[in-house]
Amino acid sequence: TDGRNEELSEKADYFSPTEIHCTSPDWSKYNFGEVDVRVSIGGEGFTVNRIKWVYYTNTKPQKCVAYGPGLFDKGCVWGFPALFKIQAKDTGGRIRTSGGELEYWRITAKANNGKTDLKVKTID
């Protein structure tokens with residue numbers, strides 16, 4: 000539910016006594032927001048316990064920001080990692096806090112001599 004007395008239901012797969020997996024509904028017709036997630040098992044009523052979940056519209060690379068010393072010519076020292084962060088934002092420019100989109104980023108490192116076979120390590 001989203002506080003507007005609107006409900007969406009999705010099927011979920013049972014993985015363990017503490018874990019279920021489900022596909023998020025399509026939130027594209029809604030704005031950014033927080034919803035309550037509740038579970039119904041075997042067609043019974045919904046649980047009284049709920050968790051808050053924040054959904055976003057799609058991440059938009061043009062709105063995202065990269066920052067840190069690894070992006071500046073004089074911010075790096077040869078032989079040490081060139082560190083920087085990417086702040087993901089959605090189509091409305093709101094900061095993403097959930098992560099999990101590492102597979103959508105493609106990082107290419109390029110040395111001054113033009114070589115691009117440098118090691119890259121990404122952490123989500």
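Numbering (this note's numbering), first residue to last: 0 to 123.
Glycine included, each C-beta is placed from N, C-alpha and C at the ideal position.
Given the structure is predicted, the values throughout are model-derived calculations rather than measurements.
*Coarse secondary structure for lysine 88, derived from DSSP in three states*: If you number the sequence shown from 1, residue 88 lands on position 89. Three-state DSSP puts lysine 88 in a strand.
*Would DSSP call lysine 51 helix, strand or coil?*
In the sequence shown, the residue the question calls residue 51 occupies position 52. Judged by DSSP in its simplified three-state form, lysine 51 adopts strand.
*Between which two residues does the beta strand (DSSP E) containing valine 125 stretch?*
In this structure the chain extends from 0 to 123, so residue 125 is not present and cannot be described.
*Roughly how far, in whole angstroms, is the beta-carbon of tyrosine 66 from the beta-carbon of phenylalanine 83, given that I think they are within contact range, below 8 Å?*
Sequence index remark: in the sequence shown, residue 66 carries index 67 (1-based). Sequence index remark: in the sequence shown, residue 83 carries index 84 (1-based). Tyrosine 66 to phenylalanine 83, Cβ: 6 Å. Contact.
*Per DSSP, which residues does isoleucine 122 bridge with? Please list them.*
To locate residue 122, count along the sequence shown from 1; it is residue 123. DSSP, once it has assigned bridges, lists no residue as partnering isoleucine 122.
*Report yes if the CB atom of aspartate 35 is closer than 9 Å to the CB atom of isoleucine 50, and no otherwise.*
Start at 1 with the first residue of the sequence shown, and residue 35 comes out as number 36. Start at 1 with the first residue of the sequence shown, and residue 50 comes out as number 51. For the pair aspartate 35 and isoleucine 50, the CB atoms are nearer than the 9 Å cut-off.
_Span of the beta strand (DSSP E) around alanine 11_ = Counted from its first residue, the sequence shown places residue 11 at position 12. In the DSSP annotation of this structure, the continuous segment of the beta strand (DSSP E) that includes alanine 11 starts and ends at 11 to 15.
*asked:* By the DSSP assignment, the beta strand (DSSP E) with valine 125 in it spans what residues?
replied: For residue 125 there is no data in the structure shown, the boundaries of the chain being 0 and 123.
*Inter-residue Cα distance where the pair is threonine 17 and phenylalanine 45*: If you number the sequence shown from 1, residue 17 lands on position 18. If you number the sequence shown from 1, residue 45 lands on position 46. Approximately 16 Å between the Cα atoms of the pair.
_Between the CA atoms of lysine 120 and arginine 105 - distance to the nearest angstrom_ = Numbered from 1 along the sequence shown, position 106 holds the residue referred to as residue 105. Numbered from 1 along the sequence shown, position 121 holds the residue referred to as residue 120. Approximately 11 Å between the Cα atoms of the pair.
*Where does tyrosine 13 land, buried or exposed, given buried means 16+ other C-beta within 10 angstroms?*
Residue mapping note: residue 13 aligns to position 14 of the sequence shown, counting from 1. Using a 10 angstroms sphere on the CB of tyrosine 13, the tally of other CB atoms stays under 16, which defines it as exposed.
_Using 8 Å for Cβ pairs, my map puts lysine 59 next to lysine 28. What's the rounded Cβ distance?_
Reading the sequence shown from its first residue, position 60 is the one you call residue 59. Reading the sequence shown from its first residue, position 29 is the one you call residue 28. Contact between lysine 59 and lysine 28 is absent: CB atoms are separated by about 17 Å, not below the 8 Å threshold.
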